[in-house]
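Counting in the working numbering, the sequence shown runs from 8 upward without gaps. Backbone N, C-alpha and C define an ideal beta-carbon position, used for all residues, glycine too.
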Amino acid sequence: MALTGALLLLLAVAPAAVAGIFTFDEQHSQNGKDISFLYNITLIIGLVIFLLVEGAIIYCLVKYRARRGGPEAEQIRGNTPLEIGWTVGAAVILLALTVVTFVYLGDIKNPPASSANGYQAAAGVKFATRDQPSPPGNRALEIDVTGQQYLWRFDYPSALKGESDRLFSYFEMVVPTNTTVVLKITASDVVHSWWIPTLGGKADATPGFTNETWFKIEKPGVYRGQCAELCGENHADMRARVRAVPPDEFQAWAARHSADIKAAQVGLAQQRREGTGAQ
Numbered sequence: 008m009a010l011t012g013a014l015l016l017l018l019a020v021a022p023a024a025v026a027g028i029f030t031f032d033e034q035h036s037q038n039g040k041d042i043s044f045l046y047n048i049t050l051i052i053g054l055v056i057f058l059l060v061e062g063a064i065i066y067c068l069v070k071y072r073a074r075r076g077g078p079e080a081e082q083i084r085g086n087t088p089l090e091i092g093w094t095v096g097a098a099v100i101l102l103a104l105t106v107v108t109f110v111y112l113g114d115i116k117n118p119p120a121s122s123a124n125g126y127q128a129a130a131g132v133k134f135a136t137r138d139q140p141s142p143p144g145n146r147a148l149e150i151d152v153t154g155q156q157y158l159w160r161f162d163y164p165s166a167l168k169g170e171s172d173r174l175f176s177y178f179e180m181v182v183p184t185n186t187t188v189v190l191k192i193t194a195s196d197v198v199h200s201w202w203i204p205t206l207g208g209k210a211d212a213t214p215g216f217t218n219e220t221w222f223k224i225e226k227p228g229v230y231r232g233q234c235a236e237l238c239g240e241n242h243a244d245m246r247a248r249v250r251a252v253p254p255d256e257f258q259a260w261a262a263r264h265s266a267d268i269k270a271a272q273v274g275l276a277q278q279r280r281e282g283t284g285a286q
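Here it is, written out as structure tokens:
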């Protein structure tokens, strides 16, 4: 009986233990929240079925275990109503999961419009995609993400800078809050995988192909991630970081960072001229 009690106790505390280990981190983008919701529904249903099945098995093992001198156990060769019942039950569960998934799939895939208090310049940014619907009103900030051994490069659209200026960054992506950010993800060498755990699912970065995902962060903060595809001996060092700031701070950062890049390019050109003796 002690063993039975221990097993029943284990089954009782299993849901709480699994919830702490296997659930998602707190999500800060709506697509991530929807993915987490679907995952949790599947996890809960799976846990309930697991507990029922394992509980029935343990009960039968204990209650109907063989005893010396006891009668031969009843031999059952099938139970048609029971078999029909669990087949229909499984079909109903799968159908319900399918319906719920399709209800949420559109919101996960399609980027929404930026909020009214988001970065307004995003309304003028060109949204060029393949097979991906643009947000309502085209109000999204599109950033090109390129993975290479062993870092990430982020190129911002021309609407944020002058035609002759370049705005890009490495390792850290700075974005405005309350603004839909669409990422066009690719790689320049081998396959990588973009993954910020608290901003939705991961997306593969494949040479010669552009993958897309999006997020929309409401509150300022720093969100860390990691390349999720083994890409070489220094794969563990290929980290990424997204820093969300208010729209006015983002505008100031873009202007300052673009000026720093331009100054560095001018300085580099000057060094090259001096090195070659050109005037």
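By the Cβ rule, the stretch 216-236 does not count as touching the stretch 53-69, because fewer than three pairs are nearer than 8 Å.
The beta carbon of G208 lies closer than 6 Å to those of I42 in the same chain, with the five residues before and after it left out. Within its own chain, the residues whose Cβ lies closer than 8 Å to the Cβ of I48, once the five positions on either side in sequence are excluded, are L104 and V107, listed in chain order. Exclusion of the five residues before and after Y71 leaves A80 as the residues of its chain whose Cβ lies within less than 7 Å of its Cβ.
Each residue's CA atom was taken as its position, placing F216 and I192 some 8 Å apart. Collapsing the DSSP output to three states places R263 in a helix. Where L190 is concerned, the enclosing beta strand (DSSP E) starts and stops at T187 to A194. F257 sits close to V181, with the two beta carbons spaced by under 9 Å.
The beta-carbon separation of V189 and W159, rounded to 16 Å, does not stay under the 8 Å limit for a contact.
The C-beta distance from Y163 to F175 rounds to 7 Å, short enough to fall under 8 Å.
Taking S195 as reference, the option from Q277, R231, V152 and A271 with the minimal CA-CA separation is V152. Inclusion of T187 and P253 in the CB contact set at 9 Å is not warranted, their separation being larger than that value. Counting along the chain, the unbroken alpha helix (DSSP H) around A103 starts and ends at T87 to K116.
Residue environment for L89: exposed (fewer than 16 other C-beta atoms within 10 angstroms of its C-beta).
Within a 10 Å sphere around the beta-carbon of K223 sit 16 or more other beta-carbons, which makes this residue buried. Per DSSP, reduced to three states, the secondary structure at S176 is strand.
Under the DSSP definition of a beta bridge, R250 partners with V181 and V229. By alpha-carbon distance to G125, the top candidate from L112, E225 and G96 is E225. Residue state for I83 is assigned as coil, using DSSP reduced to three classes. The distance from the Cβ of R173 to that of I268 is about 6 Å, consistent with a contact at the 8 Å cut-off. DSSP places Q155 in the uninterrupted beta strand (DSSP E) bounded by L148 to Q155. For E61, the enclosing alpha helix (DSSP H) begins and ends at Q37 to K70. Looking only at G62, A262, F161 and T184, the smallest Cα-Cα distance to Y177 is reached by F161.
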